[in-house]
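Note sheet for the following structure.
Number of protein chains: 2
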Amino acid sequence: MTTLTAAGIEPLFRLLGRYMPLQEEDRTALLTLEAGPVCVGDARSDIAREGENPSVVRLLVSGWACRYKDLPDGRRQIVGFFLPGDFCDLNIYILKELDHSIGALTAVRYYEIQPQQFQSVIEERPQLLRALLWHEMVTSGIQREWLLSIGQRSPLERLAHLFVELYYRLQAVGLATGHSFDFPITQNHLAEANGLSLVHLNRTLQEMRREGLIELSDKQLRIGDLDRLKRVAMFNSNYLHFNRAERA
Amino acid sequence: MTTLTAAGIEPLFRLLGRYMPLQEEDRTALLTLEAGPVCVGDARSDIAREGENPSVVRLLVSGWACRYKDLPDGRRQIVGFFLPGDFCDLNIYILKELDHSIGALTAVRYYEIQPQQFQSVIEERPQLLRALLWHEMVTSGIQREWLLSIGQRSPLERLAHLFVELYYRLQAVGLATGHSFDFPITQNHLAEANGLSLVHLNRTLQEMRREGLIELSDKQLRIGDLDRLKRVAMFNSNYLHFNRAERA
DNA sequence: TCGCGCAGCTAATGTGCGTTAAGGCGCGTC
DNA sequence: GACGCGCCTTAACGCACATTAGCTGCGCGA
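Keeping their order, the protein sequence lines are chains F and R. 1 is the number of the first residue of the first sequence in this note's numbering; add one for each residue after it. 249 is the number of the first residue of the second sequence in this note's numbering; add one for each residue after it.
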């Protein structure tokens, strides 16, 4: 067992810092968490399956993953994206069994941490417990916003909203500096996340391109006019609860 | 300020008991929570609005309420139902601002409890903190299941799924003993929860009646053949995490 | 008594979306 | 070099939905 590395927790530390002020001591406390060597996973591989009883908390270091649920006949819904810095399943701390699966969308690297490892860290730095709970609540809030999107927004509005959300989340962990950033997932993933058929998703993307709302090619997304995109999406960032250091 | 009443916390106590074994001491600890007099609200009134910073945790005693989100142009999505025994916003313990609204669907009665009231209770009975967190996680799991429903299930499957879910949840708090139970909300509410137009919701209900899946009239829902309804809905109860004392 | 709002229900119409099918490009592998 | 496969793209077709409209019945307040 080795402990985490400074580079490995950098996205996590940035993310938690968006929720509340953190001290240097918080960072060093996180660094004492013991984890095995970094795990790697291929795109399209499962990290965990519904029904399992995982004994480790996974911290995504690089690559994108998702939570998804599927039906017996094969229909599949992505219910959330994991970006670098996200814990994949903090809730195994409380619940006993996974009610959803976790899949890698790209090649991924992640740490596996034993739950009891958190014990001493959060006793020493109670702010960290608060930040982690905050993150869980935000995740829940994102799910609510997705319900609003899938239930009420049109496909174009829905996609626009998702792009803005991912832009803010990537920005929070330092993976989107300008208005152009890595966007490594496929149209199929976007379709599964938005409850659309692949064909219609593609149609909608074309329309967004025609309208000049986005450029998307070679796994790069470019948002020309963020304000316009937000207006189209009826985007209100309150649900992300980035209360501190709000940036445009 | 008076404390809660035994009758008032009965649904809550039953609910938490579905998650983990509770002692009589847990019940008495809950009874020491101070709350104002029972608040009452009319159907169609708002209990809290998005953007507010509520300073109280609300415990629903009777009636149904919902979480909802709306768009600037008036479109509205119900993202969850509150039944008696549910805390409406435990997460204000962590987050500062509501990212959704809470509305009464029927006449309701609820307690308002100051967050700091919980402090001594959970210090005395740590199991209760665990049970409350469990409940929050289950709520999040229900949202994921709704995403799967709205994204992938057909309107009929979706409605069937919702009916089964509500049946189990009502049963957990002692409000559904047989296969027939109070179902006080309107078709409009069902439409808003399922991302359907009112007209199409009505069509789908008619179809379910024709198929003999349910009977619904005079605010009473009757499920003739639960197993068949579950099969139609592709219902898997794992996401409710009622791990203890599973009943058919 | 009359109106008025709310809830349930149904019919007519059109379109937004899923489905099916097929072609292209780039990549890795035998 | 030929093949297969993942991914993106477009076209044709039809249906499952939303939209609009209008009916009934009931409870309630003026």
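Here a beta-carbon is modelled for each residue, glycine too, at the ideal position from N, C-alpha and C.
Check: Once you ignore the five residues that flank F:G8 on each side, which residues in its own chain have a CB closer than 8 Å to its CB?
Finding: Same-chain partners within the cutoff: V38, L59, V61 and Y111.
Checklist line | Contact set between F:R27 and chain R, taken where Cβ atoms lie within less than 9 Å | finding: Going along chain R, no residue has its Cβ under 9 Å from F:R27, so there is no contact; the nearest lies around 21 Å.
Next item on the list: Ignoring anything shorter than 3 residues or poking outside the segment 66-147 of chain F, list the beta strand (DSSP E) runs there in chain order.
Entry: Taking only runs of at least 3 residues, the beta strand (DSSP E) segments lying wholly in the segment 66-147 of chain F are 76-82, 101-104 and 108-113.
Margin query: Rounded to the nearest angstrom, what separates R:L264 and R:Q400 at their Cα positions?
Written below: Between R:L264 and R:Q400, the C-alpha separation is close to 31 Å.
Next item on the list: Using a Cβ cut-off of 8 Å (strictly closer), state whether F:S140 contacts chain R.
Entry: F:S140 counts as touching chain R.
Check: For R:E494, which residues from the same chain have a beta carbon less than 7 Å from its beta carbon, with the 5 sequence-adjacent residues on both sides left out?
Finding: The predicted position of R:E494 is uncertain, since its pLDDT is 39 and thus under 50; no value can be drawn from it.
Margin query: Distance cutoff 8 Å, beta carbons only. Does R:E494 sit that close to anything in chain F?
Written below: Only weak support is given to the placement of R:E494: the predicted model assigns it a pLDDT of 39, under 50, and the question is left unresolved by the model.
Checklist line | Cross-chain neighbours of F:V227 in chain R, by beta carbon under 8 Å | finding: A small fix is needed here, since residue 227 of chain F is Asp in this sequence, not Val. Against F:D227, chain R offers no close residue; the least beta-carbon distance is about 15 Å (beta-carbon pairs closer than 8 Å).
Notebook entry, point to check: DSSP on R:I257, reduced to helix/strand/coil?
Noted result: DSSP, read as helix, strand or coil, puts R:I257 in helix.
Notebook entry, point to check: When you compare only the Cα positions, how much space is there between F:G80 and F:A6?
Noted result: Distance between the alpha carbons of F:G80 and F:A6 is about 26 Å.
Check: To which residues of the same chain is R:H348 closer than 8 Å at the C-beta, ignoring the five residues directly before and after it?
Finding: So the list reads E298, R315, Y316, K317 and V327, once near-sequence residues are dropped.
Check: Hey, would you say F:L213 sits closer than 8 Å to F:R228, going by beta carbons?
Finding: The criterion of a C-beta distance shorter than 8 Å is satisfied by F:L213 and F:R228.
Note to self: Going by beta-carbon coordinates alone, are R:Y267 and R:N442 separated by less than 8 Å?
What the structure shows: No.
Notebook entry, point to check: Using a C-beta cutoff of 8 Å, does R:M268 count as contacting chain F?
Noted result: It does not: the Cβ of R:M268 has no partner Cβ on chain F nearer than 8 Å.
Notebook entry, point to check: At a Cβ cut of 9 Å, what residues of the segment 391-407 of chain R count as close to chain F, listed as they run along the chain?
Noted result: Listed in sequence order: Q391, R392, E393, W394, L395, L396, S397, I398, G399, Q400, R401 and E405.
Notebook entry, point to check: Count the other CB atoms within 10 Å of the CB of F:V56; is the residue buried (16 or more) or exposed (fewer)?
Noted result: Result: buried.
Notebook entry, point to check: Quick one: what does DSSP say F:G151 is sitting in, helix, strand or coil?
Noted result: Helix, per DSSP.
Check: Which bits of chain F does R:M456 rub up against, with CB to CB less than 8 Å?
Finding: Going along chain F, no residue has its Cβ under 8 Å from R:M456, so there is no contact; the nearest lies around 19 Å.
Notebook entry, point to check: Who are the neighbours of R:V235 on chain F, taking C-beta pairs under 7 Å?
Noted result: Since the displayed chain R opens at 249 and closes at 496, residue 235 of chain R lies outside it and no answer follows.
Checklist line | For R:L381 and F:Y168, the rounded distance between their alpha carbons | finding: Approximately 28 Å between the Cα atoms of the pair.
Note to self: So, with DSSP's three-state summary, where would you put F:G41?
What the structure shows: F:G41 falls in the strand class under three-state DSSP.
Checklist line | Reference R:L252; option with closest CA among R:D274, R:R262, R:L279 and R:Q362 | finding: It is R:L279 whose Cα lies nearest to the Cα of R:L252.
Notebook entry, point to check: Whose Cβ in chain R lies nearer than 7 Å to the Cβ of F:P72?
Noted result: Those within 7 Å of F:P72 in chain R are M482.
Next item on the list: Let me know if F:R158 comes out buried or exposed under the rule of 16 or more other beta-carbons within 10 Å of its beta-carbon.
Entry: By the neighbour-count criterion, in which 16 or more other beta carbons inside 10 Å mark a residue as buried, F:R158 falls on the buried side.
Next item on the list: Keeping to the same chain, check which residues put their C-beta closer than 7 Å to that of F:L240; ignore five residues upstream and five downstream.
Entry: Here F:L240 has V138 and Y168 as same chain residues with Cβ atoms under 7 Å from its own Cβ, once five neighbours each way along the sequence are excluded.
Checklist line | Inter-residue Cα distance where the pair is F:Y113 and F:V121 | finding: In the sequence on display, residue 113 of chain F carries Ile and not Tyr. Rounded to the nearest whole angstrom, the CA to CA distance from F:I113 to F:V121 is 12 Å.
Margin query: Please state the DSSP three-state secondary structure of F:E211.
Written below: Reduced to three states, the DSSP call for F:E211 is coil.
Notebook entry, point to check: What is the rounded straight-line gap between the Cα of F:R130 and the Cα of F:G141?
Noted result: Each residue's alpha carbon lies about 16 Å from the other.
Next item on the list: Could you tell me whether the Cβ of R:N339 comes closer than 8 Å to any Cβ of chain F?
Entry: Cβ-Cβ to chain F under 8 Å: yes for R:N339.
Check: So is F:E136 buried or exposed if we call it buried at 16+ other beta carbons inside 10 Å?
Finding: It counts as buried.
Next item on the list: Please compile the residues from chain F whose C-beta is within a distance smaller than 7 Å of the C-beta of R:H348.
Entry: Counting only Cβ-Cβ distances below 7 Å, R:H348 has contacts in chain F at R144, in chain order.
Item checked: Between the CA atoms of F:F235 and R:L454 - distance to the nearest angstrom -> The displayed chain sequence assigns Gln, not Leu, to residue 454 of chain R. A direct Cα-Cα distance of roughly 36 Å separates R:Q454 from F:F235.
Checklist line | Residue range of the unbroken alpha helix (DSSP H) whose run includes R:A441 | finding: Counting along the chain, the unbroken alpha helix (DSSP H) around R:A441 starts and ends at Q435 to N442.
Note to self: Less than 8 Å between CB atoms is the rule here; does F:W64 satisfy it with respect to chain R?
What the structure shows: It does not; no Cβ of chain R falls within 8 Å.
Notebook entry, point to check: In chain R, which residues lie with their C-beta within 7 Å of the C-beta of F:R75?
Noted result: Within 7 Å Cβ-Cβ: Q400.
Next item on the list: Taking R:L278 as part of the alpha helix (DSSP H), name the residues at either end of that continuous run.
Entry: Element bounds for R:L278: E272 to L279.
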